[in-house]
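Working notes for the structure below.
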Amino acid sequence: MSENDMTPNLKDAVGRELQNLVRTVRDEVTLPDFAKLTHGHSSFSPKRRFTIFSVAAALVILGLSLSIALGDQPGDGPTTTRVETHASFIGGITLVSDNLQQVLSQSPPLAVHSKSIHFPVLDANHSAIAFGAGDIWILQSATPLGGPAKPLGDSAPSWACGELVRLAPTMTVKGALPLRFCPAAVTFGAGSVWVLGYQIGLDGYRLYQVAPETMTVRSTTVIDGGPNGVTPVGDTGAKQLFAVASSRVVAVAVQSTTGTSQIVTLNVNTRTTIASVTIPADRGIASALSANSAAFWVGTTAGYLYRIEPATGAITRTQMIGIGITSLSATSNALWITVTVDQGRPANAYPGLDTIELNPTNAAIVRDTRLPLILVSANGSDVEGILGRARGGEYIAKIDRKRGAIEGVASTPFKAPAYTPDTILAADGGAWIINTNLQVLTKVTFMR
Amino acid sequence: METSDAYSDLYLRSYATLVGQIFVVTTDRSEAEEAVQEAFVRLWVRWQQIAQYENPEAWVRRVALNIAIKRWRRNQRGEQLVKVVVRALVNETAKSDDRLDLQVALRALPISHRHALLLHYVVGLSVQEITDEMSTPLHRVKSGTVKSWLHRGRAQLSAALSSEEDINE
């Protein structure tokens with residue numbers, strides 16, 4: 001290959017060898033059963049599909065009825081043309097999604113200030129970032145992903161797998177704590193920062209309790225086999241690790257060797273296990289974990305929502321909402337979840353997304369907002385989300401909590417295709433967005 | 449097409465090929481499989497959204513590469529490195545000498561070089577496309593850097609392969 005070539009020369013000897021290598025490996029691979037990887041996703045169920053077809057006629061009526069029942073009431077917000085909807089009947093519940101393109105065209109633009117920094121966070125779900133003690137807590141790899149990027153903590157010792165980083169609301173780094181076990185989830189509660197870590201090939205997850213004022217490790221708890229019920233010998237592959245803490249209990253979602261999700265609750269003072277419960281294999285793996293004063297809440301990739309009683313660590317309620325739960329955010333006054341539902345036509349108008357507001361105590365559905373959000377995050381005063389991909393880019397939506405409707409939208413700074421944000425955190429009057437593919441952390445502040 | 453059908457179709461069509469491609473970077477099949485499996489799980493969680501992209505397979509490859517590199521770096525640390533290398537060698541003893549030579553030569557390359565070689569020689573991207581693929585909005589990789597990685601990577605692989613040929617001859 002000439003150095004100036006701008007197109008690949010596939011006749012090159014090295015190129016041929018590499019392609020032969022890929023072909024050889026490809027031919028040796030045995031395709032694993034995907035259902036076993038993620039344990040039973042309802043959208044693959046022919047039975048459910050049959051149910052959908054069998055009630056197709058009823059859907060039209062139900063959808064229309066819900067559209068009317070849930071529609072904007074006169075005088076409760078900006079005047080808009082009625083938005084077209086698409087209905088899905090899943091698990092005995094009819095969910096209605098608004099036309100994404102119409103939502104975008106009718107939502108007023110919001111003035112925002114956004115700032116982005118390079119941040120090589122790797123395991124991105126909503127447990128990759130937390131807010132507490134007035135600052136943002138976020139995890140990063142101790143080494144950059146590749147290319148010229150430099151991690152924030154250049155001084156990290158060679159044994160460190162990752163770092164807990166403290167960021168001021170201005171996005172300046174206030175401190176970094178190197179950790180030996182690879183940090184994969186962070187949360188703030190009971191006056192401490194809690195970090196869940198693991199090491200490929202080694203037994204047991206590690207739960208670090210970090211003092212925010214000194215950035216030192218207060219305690220390290222091994223979540224392992226025996227009474228704690230989890231023995232991750234080696235790596236279990238597809239990981240979805242989460243942590244969340246209340247004033248008395250910290251809960252983590254880890255994966256067992258078989259890939260099922262296990263929710264372990266621990267007393268924050270003694271760090272002893274309260275209980276360890278396993279999500280049944282046919283109900284998906286944990287895709288979200290949140291807490292409010294009433295309970296811990298777990299969402300799964302198969303659309304199941306679990307309520308876990310903090311005092312006992314026991315599951316006290318299970319319900320199915322949608323095909324899969326993509327995010328959930330519990331506050332004292334509401335439980336917000338985003339779910340996947342059936343796609344409609346055209347797909348760019350009905351990408352199969354919906355946002356539900358639930359009762360924060362018993363998870364009864366309060367309102368199907370019909371908003372096609374992929375991610376949602378709420379705190380005491382704000383509810384924000386990422387709209388399903390719309391033509392031309394990604395949009396962040398500010399939700400009017402009382403109406404369950406969009407107050408306004410703003411585009412995210414990066415519009416390159418296939419760069420969907422990984423998570424969003426509503427905190428400190430703004431929205432914090434992580435994008436692992438871009439290795440970017442963005443703070444969007446809404447101008448009041 | 450039903451959502452699950454489209455997803456299944458992509459999974460069935462792309463899984464093995466992606467494992468082969470990621471293998472160029474990891475040089476360890478089990479590591480490549482782990483990365484591709486995790487990428488497909490992430491795809492499943494947000495399939496409704498990614499399905500609208502022009503090339504969902506490219507998204508999976510990029511995510512799998514990120515995961516593979518992350519895992520590679522983690523495995524580089526401490527005692528795990530030994531296990532991985534031993535496992536890789538045990539796994540590969542039954543494979544042909546040529547393939548083992550190529551794997552050993554690949555392992556000697558920095559991971560950024562392997563990444564660029566994969567994108568150029570296997571995926572078929574141009575230097576400019578590789579530059580775009582490996583850049584982030586806040587850290588642009590220069591096209592000259594990519595050319596340098598490709599040049600050095602190719603030279604080292606070529607030397608390793610030709611020296612083996614010389615010996616065999």
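These protein sequence lines are chains L and C, in that order.
If you use the working numbering, the first sequence corresponds to residues 1 to 448, in order.
If you use the working numbering, the second sequence corresponds to residues 449 to 617, in order.
We treat Cβ as the ideally placed atom computed from N, Cα and C, and that holds for glycine.
- Excluding residues up to 5 positions away in sequence, Leu387, Val409, Ser411 lie with their Cβ nearer than 6 angstroms to the Cβ of L/Tyr395 in the same chain.
- For C/His587, there is no enclosing alpha helix (DSSP H), as DSSP gives it neither H nor E.
- Beta-carbon to beta-carbon, L/Thr355 and L/Gly313 are separated by about 29 angstroms, too far to satisfy the 8 angstroms threshold.
- Taking a 10 Å sphere around the C-beta of L/Glu407, we find 16 or more other C-beta atoms and assign the residue as buried.
- Taking a C-beta distance under 7 angstroms as the contact criterion, L/Thr361 and L/Gly404 do not qualify as a contact pair.
- DSSP lists L/Leu196, L/Thr221 as the beta-bridge partner residues of L/Leu207.
- Separation of L/Trp432 and L/Asn292 (C-alpha to C-alpha, rounded to the nearest whole angstrom) is 20 angstroms.
- Inter-residue distance for C/Glu481 and L/Gly284 is about 21 angstroms (C-alpha atoms, whole angstroms).
- Within the stretch 327-356 of chain L, Thr340, Val341, Asp342, Gln343, Ala347, Asn348, Pro351, Gly352, Leu353 place their CB atoms closer than 9 angstroms to a CB of chain C, listed in sequence order.
- Residues of chain C with a Cβ closer than 8 angstroms to the Cβ of L/Ala13 are, in chain order, Ser606, Leu609.
- Within the stretch 569-588 of chain C, those residues whose Cβ lies closer than 8 angstroms to any Cβ of chain L are, in chain order, Tyr569, Val570, Gly572, Leu573, Ser574, Val575, Gln576, Met582, Ser583, Thr584, Pro585, Leu586, His587.
- The beta carbon of L/Leu179 sits closer than 7 angstroms to the beta carbons of Ala160, Cys161, Gly162, Glu163, Leu164, Val195, Gly197, Tyr208 from its chain, once the five residues preceding and following it are set aside; these are given in chain order.
- Residue state for L/Val341 is assigned as coil, using DSSP reduced to three classes.
- For the stretch 379-438 of chain L, there is no continuous alpha helix (DSSP H) assignment of 4+ residues that stays within its boundaries.
- Pairing L/His126 with L/Gly344 gives a Cβ-Cβ distance that is not under 7 angstroms.
- Nearest to L/Ile129 by C-alpha distance, out of L/Thr436, L/Phe446, L/Thr445, is L/Thr436.
- L/Pro310 and L/Ala295 have their C-alpha atoms some 6 angstroms from each other.
- Along the stretch 467-484 of chain C, the positions whose C-beta sits under 8 angstroms from a C-beta of chain L are Val467, Gly468, Gln469, Phe471, Val472, Arg477, Ala480, Glu481, Glu482, read in chain order.
- Under DSSP, L/Met320 takes part in a beta bridge, and its partners are L/Tyr304.
- If you look at L/Asp27, you'll find it in the alpha helix (DSSP H) that goes 13-28.
- Taking a beta-carbon distance threshold of 7 angstroms, C/Arg562 does not count as an interface residue toward chain L.
- Within the DSSP bridge table, the entry for L/Gln140 names L/Glu163 as partners.
- Contact of L/Glu17 with chain C is assigned, a C-beta pair being separated by under 7 angstroms.
- For L/Glu357, the enclosing beta strand (DSSP E) stretches over residues 353-358.
- Take the alpha-carbon of C/Pro504 and the one of C/Leu557: they are about 29 angstroms apart.
- L/His86: not part of any alpha helix (DSSP H); member of the beta strand (DSSP E) spanning 85-90, first to last residue.
- Within chain L, Arg26, Val29, Leu31 have C-beta atoms less than 7 angstroms from the C-beta of C/Ala464, given in sequence order.
- Within its own chain, the residues whose Cβ lies closer than 7 angstroms to the Cβ of L/Ile325, once the five positions on either side in sequence are excluded, are Ser287, Ala288, Gly299, Thr300, Gly303, Leu305, Ile337, Val339, listed in chain order.
- For C/Gln497, the secondary structure class from DSSP, reduced to helix, strand or coil, is helix.
- Distance from L/Val366 to L/Leu353 at the Cβ level is roughly 19 angstroms; contact not present, criterion being Cβ atoms closer than 8 angstroms.
- Judged by pairs of C-beta atoms under 8 angstroms, the stretch 14-32 of chain L touches the stretch 552-572 of chain C, as three or more such pairs exist.
- C/Asp476 carries a coil assignment under DSSP once its states are collapsed to helix, strand and coil.
- Cβ-Cβ distances below 7 angstroms link L/Ser329 to Ser290, Trp336, Val376, Ser377, Ala378 in the same chain, with the five nearest sequence neighbours on each side left out; the list follows chain order.
- By the Cβ-count criterion, L/Thr172 is exposed, with fewer than 16 other Cβ atoms from all chains shown falling within 10 Å of its own Cβ.
- In the structure shown, the three-state DSSP call for L/Thr270 is coil.
- Interface criterion met: the Cβ of L/Arg389 is under 7 angstroms from a Cβ in chain C.
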